[in-house]
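Only one structure is covered here, and it is reproduced in the block below.
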Amino acid sequence: MNKKLNNLIFVWLIMLLTTMMTIMPLPDFFYGIRIEWVAMAVIFFSIMNVSLMGLIAASIIGLLLDLLQGGLLGEHALIFSVISYLSYRFRFQIRVYPDWQIMIATLFLLSFGNLISLWIRGFSGRILFVTEEWISILIAALIWPVFMRVLQALQNYFVED
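If you're matching positions, the sequence shown starts at 1 in our numbering and goes up one per residue.
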C-alpha cells in the first residue's frame with residue numbers, strides 16, 4: 001500500500017484506540033480523573049501529521065465520542081475542532097519548542113477545551129465545576145512527552161517505508 005493510505009489507517013486506528021481508552025470503565029478511585037486521550041491525539045496529529053487530521057476529522061471523532069458517552073451532541077466535536085484549529089495554526093511554533101514547552105502548550109490547549117466544555121454546560125443549564133477534570137488535564141500534560149514519543153515511534157514503525 002502507499003504511504004498516504006498507511007498514514008490514514010494509522011491515524012484512524014489511533015483515534016479509535018484513544019476513543020476506546022476514553023470510554024473504558026474505570027474503578028471508582030480513578031473515575032473523576034479521566035485523561036483526555038482523544039484530545040491529546042487530536043493535538044498530536046494536528047501538530048505532527050497535519051495532512052490527515054483536520055477540522056472535519058476532529059469533528060467526526062468528537063461526534064462519535066458524544067454518541068458513545070451520551071452527552072450533548074456536538075460538545076466534543078466543537079471542542080476537538082477548536083483544539084485542532086489552534087494546534088494546526090501554531091504547529092510551526094510548537095514543533096520547535098523543547099518538550100517541556102510543548103507540554104505547557106498542551107496544557108493550555110487542553111485547558112481551553114475544558115473551558116469550552118464548562119461554557120457549553122453553563123448554557124445547557126447543567127453547570128458543574130469539577131476539580132478532578134482540571135487534575136486530569138494536569139496529569140495529561142505531565143504524561144504528554146511520553147505519549148508524544150510513543151505515537152512518534154509507532155508512526156515511524158508502521159507508516160515510514
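A virtual CB, placed ideally from N, CA and C, is assigned to each residue, including glycine.
Can you list, in chain order, the residues of its chain whose CB lies under 6 Å from that of residue i, leaving out five sequence neighbours each side?
i, result
"F112", "none"
"M6", "Note that residue 6 corresponds to Asn in the displayed sequence, not to Met. Correct list, in chain order: V159."
"R34", "S136"
"G62", "H76, A77, F80"
"M60", "Just to set this straight, residue 60 is Ile in the shown sequence, not Met. Correct list: empty, nothing qualifies."
"L73", "D66"
"W119", "none"
For residue i, I'd like the list of residues in its chain whose CB is within less than 7 Å of its CB, leaving aside the five on either flank, ordered along the chain.
i, result
"A141", "M103, T106, L107, L110"
"Y85", "L55"
"G71", "none"
"S124", "L72"
"V11", "F45, N49, L52, M53"
According to the neighbour-count rule (16 or more other Cβ atoms, all chains shown, within 10 Å of its Cβ), is residue i buried or exposed?
i, result
"L67", "exposed"
"V38", "buried"
"A171", "Because residue 171 is not part of the residues shown, which for the chain are 1 to 161, the question remains open."
"W144", "buried"
"W93", "The amino acid occupying residue 93 in the given sequence is Gln; Trp does not appear at that position. That one is exposed."
"M53", "buried"
"N49", "buried"
"F162", "Nothing can be reported for residue 162: it is not among the residues displayed for the chain, which extend from 1 to 161."
"Q162", "Here the chain has residues from 1 to 161 only, and residue 162 is not among them."
Within the same chain, show all residues whose beta-carbon is closer than 8 Å to that of residue i, passing over the 5 residues directly before and after it, in chain order.
i, result
"A41", "I14, M15, T18, L151"
"I23", "L65, L68, Q69"
"F44", "F147, M148, L151"
Return the first residue and the last residue of the alpha helix (DSSP H) that residue i is part of.
i, result
"F44", "37–48"
"R149", "144–158"
"L13", "3–23"
Just the C-alpha distance for residue i and residue j, rounded to the nearest angstrom, thanks.
i, j, result
"P98", "R89", "18 Å"
"S87", "S46", "6 Å"
"R217", "I83", "Only positions 1 to 161 of the chain appear in this structure, which leaves residue 217 out of reach."
"M20", "V96", "31 Å"
"T131", "R121", "15 Å"
"I9", "A58", "15 Å"
"I139", "E133", "10 Å"
"F115", "R126", "Position check: residue 115 holds Leu in this sequence, whereas Phe was assumed. Going by the C-alpha atoms only, they are around 14 Å apart."
Nearer than 7 Å: is that true of the beta carbon of residue i relative to any heavy atom of the ligand MN?
i, result
"N7", "As far as ligands go, the structure on display features none, and thus does not contain the ligand MN."
Q. What are the uninterrupted segments assigned as alpha helix (DSSP H) that are 4 or more residues long and contained completely in the stretch 55–111, given in chain order?
A. 55–69, 75–89, 91–95
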